[in-house]
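The block underneath contains the structure these notes are about, expressed in structure tokens.
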Amino acid sequence: MRNDGVIEVKGKSGAGKKIIILLAVFAFVFVALAVVIKLLPGKDESAASLPKKENESLQRTTLEERGLLGKIKEIEDAKKREEAEKAAAEKRRLDEEAAAQRKAAQDAANAAATPPSNTSEQIRQNQGGQMQQASYSSGDDKDRPLPKHLRVLTGETLVKLDNNQQEHERATDSDDYLQGGTFADGTASFINNRKLLLSAGTSLSCVLKTKIVTSYPGVTMCQLTKDVYSDNGEMVLARAGSLLIGEQKKAITQGVARVFVTWTNIKDGNVNVRIDALGADGLGASGLPAWVDNHFWERFGGAMLLSFIDDGLAAASTHLAKSGSNNNSVSFDNTSSTGEKMAEIALENSINIPPTAYVNQGEILTVIVPRNIDFSSVYETR
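The sequence shown begins at 109 in my numbering and counts up by one.
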């Protein structure tokens with residue numbers, strides 16, 4: 109076929125496509141190499157920036173430690189230095205004492221090699237000027253005793269006496285557990301006028317009229333429920349309904365569930381009797397049974413609350429340290445340390461709160477009379 113004005117070239121179109129494909133491949137490879145080269149320095153820069161960020165966090169932590177935690181650490185270091193100085197001084201003192209003892213033992217051994225009389229005479233001659241200044245009843249210098257620091261050099265006799273004395277003291281201490289007490293001899297006497305005598309050991313039954321709270325000392329009152337008779341049972345010395353007046357002055361301690369009350373007076377009409385008797389329960393046991401409030405939450409509540417807050421801050425700090433990025437890191441070191449110190453101080457200030465005992469009015473009590481009381485000065489018989 110003939111085409112006018114058109115020149116057909118066969119085989120060149122396929123070669124052009126191949127050239128275009130090769131150029132595209134070369135361009136893609138070049139771009140890929142450029143991207144790889146660009147990414148490699150970026151990783152190095154990010155890796156190099158990590159120490160810088162770590163250094164910044166360390167500097168921030170160092171600045172924070174100069175706060176309250178730093179002051180506490182300085183105080184603790186000062187205490188440690190003071191304790192170390194005391195220990196060193198104590199060690200020096202012990203070394204000096206040991207050296208002095210060794211020197212004294214060596215001098216005693218040297219003195220033991222010579223006759224005791226010569227050693228004593230030599231010591232007396234060396235100390236003659238000092239011994240002449242002292243005044244003694246005896247005029248002979250040989251009868252005068254030597255000072256303690258010189259008696260050690262006269263021989264082994266005094267050392268043996270000291271050892272014997274120590275053994276005797278140890279034996280006495282161990283024998284004290286086997287030796288009974290020694291008491292004064294008692295005497296017997298007649299009891300006169302038993303008709304007007306309130307004898308020792310008499311128990312008085314009464315009902316408490318006032319409530320007792322041991323937070324503060326106070327005055328208590330109790331009313332007799334029965335007549336109080338004399339020693340021979342013939343006279344009524346105090347009528348039922350008489351008022352007993354006492355004092356509660358002793359605060360209770362941990363583990364004690366009884367209140368100590370001293371009953372001082374009995375008031376029956378116009379008669380007032382001083383008895384100074386012991387308060388007991390219905391069966392005669394010393395002290396009054398009471399309900400005790402140990403103030404548990406007041407003693408431990410503040411410390412427990414501060415401990416929970418400290419634990420919460422520690423958990424938050426751990427969570428932020430794990431999930432937070434390097435650019436946004438938060439430190440709670442000072443807050444956590446301060447929380448621990450606050451918990452310790454709160455517990456120290458509140459642990460010694462004493463318990464409070466309560467005895468309600470209406471309790472039936474017993475009052476035990478500890479001595480003989482003579483009513484002959486206020487009563488008389490016909």
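C-beta atoms are modelled at their ideal positions from N, C-alpha and C, and glycine is treated no differently.
Compute the beta-carbon to beta-carbon distance between residue i and residue j, rounded to the nearest angstrom, for a pair I have assumed lies under 8 Å.
i: residue 333; j: residue 360; result: Residue 333 to residue 360, Cβ: 27 Å. No contact.
i: residue 395; j: residue 368; result: 5 Å
i: residue 477; j: residue 309; result: 7 Å
i: residue 465; j: residue 398; result: 4 Å
i: residue 314; j: residue 331; result: 6 Å
i: residue 379; j: residue 486; result: 5 Å
i: residue 449; j: residue 180; result: 7 Å
i: residue 500; j: residue 317; result: The first residue shown for the chain is 109 and the last is 490, placing residue 500 beyond what the model contains.
i: residue 473; j: residue 387; result: 6 Å
i: residue 339; j: residue 302; result: 4 Å
i: residue 407; j: residue 458; result: 5 Å
i: residue 462; j: residue 401; result: The Cβ separation is near 10 Å, so there is no contact.
Going by DSSP in three states, residue i sits in which element: helix, strand or coil?
i: residue 189; result: helix
i: residue 301; result: coil
i: residue 133; result: helix
i: residue 425; result: helix
i: residue 419; result: helix
i: residue 153; result: Here residue 153 scores only 46 on pLDDT, less than 50, and its place in the model is too uncertain to base an answer on.
i: residue 140; result: helix
i: residue 115; result: Residue placement at residue 115 cannot be trusted, given a pLDDT of 49 that sits under 50; what the coordinates show is reported in the next sentence. Residue 115 falls in the coil class under three-state DSSP.
i: residue 366; result: strand
i: residue 296; result: coil
i: residue 459; result: coil
i: residue 410; result: helix
i: residue 127; result: helix
i: residue 279; result: At residue 279, the pLDDT of 48 sits below 50, so the modelled position is not reliable; the number obtained from the coordinates is stated separately. If DSSP states are grouped into helix, strand and coil, residue 279 belongs with the helices.
i: residue 490; result: coil
i: residue 404; result: helix
i: residue 287; result: coil
i: residue 227; result: Because the pLDDT at residue 227 is just 48, under 50, the model does not fix this residue reliably, and the value given afterwards should be weighed accordingly. Three-state DSSP puts residue 227 in a helix.
Per DSSP, which residues does residue i bridge with? Please list them.
i: residue 466; result: 321, 399
i: residue 484; result: Residue 484 pairs with nothing; no bridge assigned.
i: residue 382; result: 373
i: residue 356; result: 326
i: residue 387; result: 475
i: residue 351; result: 331, 375
i: residue 346; result: 336
i: residue 431; result: Answer by DSSP bridge pairing: none, since residue 431 is not bridged.
i: residue 394; result: 388
Q. Unbroken alpha helix (DSSP H) runs of length 4 or more, entirely within the stretch 303-336: which are they?
A. The stretch 303-336 contains no complete alpha helix (DSSP H) run of 4 or more residues.
- Message: Check whether the stretch 372-388 and the stretch 348-357 are in contact - that is, three or more C-beta pairs closer than 8 Å.
- Response: Enough Cβ pairs lie closer than 8 Å, so yes.
Quick check: the stretch 295-314 against the stretch 475-489, are there 3 or more CB pairs under 8 Å? Between the stretch 295-314 and the stretch 475-489 there are three or more C-beta pairs closer than 8 Å, enough to call the two in contact.
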